[in-house]
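Protein chains: 2
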Amino acid sequence: MAYHHGDLRRVLLDEAADVVAEHGPSALSLRDLARRAGVSHAAPAHHFGDKAGVLTALAAEGHRLLARALEPAEQGLLDAGLAYVDFAVTHPGHFAVMFGRGLVHDVDAELVAAQDRSGAALRRAAPEPVVARAAWSVVHGFAALWLAGAITGEDATTVARPVLARALGGLDPGGPSPGHG
Amino acid sequence: MAYHHGDLRRVLLDEAADVVAEHGPSALSLRDLARRAGVSHAAPAHHFGDKAGVLTALAAEGHRLLARALEPAEQGLLDAGLAYVDFAVTHPGHFAVMFGRGLVHDVDAELVAAQDRSGAALRRAAPEPVVARAAWSVVHGFAALWLAGAITGEDATTVARPVLARALGGLDPGGPSPGHG
DNA sequence: CTCCTATCTTGTCGTTGACAAGATACCGGA
DNA sequence: TCCGGTATCTTGTCAACGACAAGATAGGAG
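As they're listed, the protein sequences go chains A and B.
Residues 1 to 181 (full-length UniProt numbering) are what the first sequence spells out, left to right.
Residues 1 to 181 (full-length UniProt numbering) are what the second sequence spells out, left to right.
Okay, here's the thing in structure tokens:
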């Protein structure tokens, strides 16, 4: 464990995602993060500035991952919605900080750029503004309630599918037909 | 500034709601709370046990207020949905801790009872399980995205109305199922 | 008036976030 | 090979915080 760790920043982000996923953003401690990575207590601050900087980097990474998850074009609203829920469930640590308030440096350039990417992906899935807001509300709400434990079940996708199908069914202009391109 | 403040608990809860609404749950400090109320730094702990206890009491109060906001019977899904959004926007401090994770003592008896009340109110507005989950997802998602600043506009209700009307339109128990008629 | 209990205060300890200053490793040029 | 610059990481420190313990005060019951 030399001075130059190699990819300490990545290790710290992964640990942070784990901690946030398990105990929430408020449970994140820079010193605990440093202990998990086996470095000194001030090492994280060098890479991220402060505690909010860690969460900001995590949120930015989350938006990039979300944009990529929504990227597969030609998918209908339902598939895009299921991809949104799947992202939230498989990346709970990222998701928890992506739409929080007071947690991140919301003027951070990298974060804003990443938000733009995920926002563009959403608008591509639902070009009509009112439909976009409605669809986003549905999938975001389901994901948030699932992660909060307010909606439960065996598997998030299994539970989400009929719910999203019902709520998004009246929204999709063209309709999600698998063979239709 | 006597020993017996009278209703210190209420004052502390109000201050906590303000702080959480403005800076998020992670920004809440027991000592700052005490300073705002003009009492000693250990006074809040007497009433709430610990920091999570403050947020637990706030969440419980939020669920009771939400249940009351949804109570007016005979209102359709749209009115109930608008009431949900209106509650979230007018009580951002409460709303922020009602569905958080790791913030509250989620086995607290008062909190569980309050959650049951708001849950019952939701089920009364939408008795069919899949419809209930869909409608809850829509209104919760819109509220969360609005409070996060992800959806913006002049007034939350004004922006929400067409969005909820579009998304909830196909859900109303008496209404026709989308996609086939 | 006396006890009893809830309420609030004072004092303290370990932990944390943030900052400052120093130590170490890599990297390019001569 | 050596030298200087820079990014990376360490050590040291401080005020603030959460939690706990113990004491002081107020209001009510008998």
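From the three backbone atoms N, C-alpha and C, an ideal C-beta is built for every residue, glycine too.
With respect to residue 21 of chain A, residue 93 of chain A sits close: the two C-beta atoms are nearer than 8 Å. Rounded to whole angstroms, the Cβ separation of residue 28 of chain A and residue 19 of chain A is 5 Å, and the two are in contact under 8 Å.
Residue 25 of chain B and residue 103 of chain B have their C-alpha atoms roughly 8 Å apart. For the set B:147, B:81, B:130, the Cα lying nearest the Cα of residue 97 of chain B is the one of B:147. Pairing residue 37 of chain A with residue 83 of chain A, the inter-Cα distance amounts to about 32 Å. The CB of residue 123 of chain A never comes closer than 9 Å to any CB in chain B; the least such distance is about 12 Å. Chain A has a Cβ within less than 8 Å of the Cβ of residue 102 of chain B.
In the structure shown, the three-state DSSP call for residue 58 of chain A is helix. Counting the other Cβ atoms within 10 Å of the Cβ of residue 120 of chain A gives fewer than 16, which makes it exposed. Taking CB atoms only, residue 29 of chain A has no neighbour in chain B less than 8 Å away.
Residue burial annotation: residue 133 of chain B is buried, with at least 16 other C-beta atoms found within 10 angstroms of its C-beta. Pairing residue 56 of chain A with residue 74 of chain B, the inter-Cα distance amounts to about 44 Å. Fully contained in the segment 85-133 of chain B is no beta strand (DSSP E) run of length 3 or more. Taking a 10 Å sphere around the C-beta of residue 162 of chain B, we find fewer than 16 other C-beta atoms and assign the residue as exposed.
Within a 10 Å sphere around the beta-carbon of residue 35 of chain A sit fewer than 16 other beta-carbons, which makes this residue exposed.
With respect to the 8 Å criterion, residue 70 of chain A and residue 165 of chain A are not classified as neighbours on the basis of their beta carbons.
Shown here, residue 158 of chain A sits in a helix according to DSSP, grouped into three states. Listed by position along chain A, the residues whose Cβ is nearer than 9 Å to that of residue 48 of chain B form an empty set, because the closest Cβ is around 16 Å away. Contact between residue 118 of chain A and residue 66 of chain A holds: their C-beta atoms lie close to 5 Å from each other, under 8 Å.
Here residue 135 of chain A is not near residue 144 of chain A, since their CB atoms are 8 Å or more apart. If the five residues before and after residue 108 of chain B are omitted, its C-beta is found closer than 6 Å to the C-beta atoms of 56, all from its own chain and listed in chain order. Sequence-distant partners of residue 53 of chain A (beyond 5 residues in either direction) whose C-beta falls short of 7 Å from its own C-beta, in its chain, are 105.
Listed in chain order, the alpha helix (DSSP H) elements of length 4 or more contained wholly in the UniProt DNA-binding region "H-T-H motif" (29-48) of chain A are 30-37, 43-48. Annotation for residue 11 of chain A: 37 place their beta carbon closer than 6 Å to its own, counting only its chain and skipping 5 residues before and after. For residue 14 of chain A, the uninterrupted alpha helix (DSSP H) segment begins and ends at 8-23. Residues of the same chain with a CB within less than 7 Å of the CB of residue 122 of chain A, apart from the 5 flanking positions on each side, are 70, 132, 136 in chain order. Contact of residue 62 of chain A with chain B is not assigned, every C-beta pair being separated by 8 Å or more. Here residue 150 of chain B carries a coil assignment [DSSP, helix/strand/coil]. When the beta-carbon positions are compared, residue 58 of chain A and residue 88 of chain A stay at least 8 Å from each other. Residue-level contact check: residue 112 of chain A does not touch chain B, since none of the beta carbons of chain B fall below 8 Å from its beta carbon.
With 16 or more other Cβ atoms from the protein chains shown falling within 10 Å of its own Cβ, residue 61 of chain B counts as buried. Between the alpha carbons of residue 31 of chain B and residue 43 of chain B lies a gap of roughly 9 Å. Listed along the chain, the chain B residues whose CB falls inside 7 Å of the CB of residue 130 of chain A are 162, 163, 166. Look at residue 171 of chain A here: in three-state DSSP terms it is coil, with no helix or strand label.
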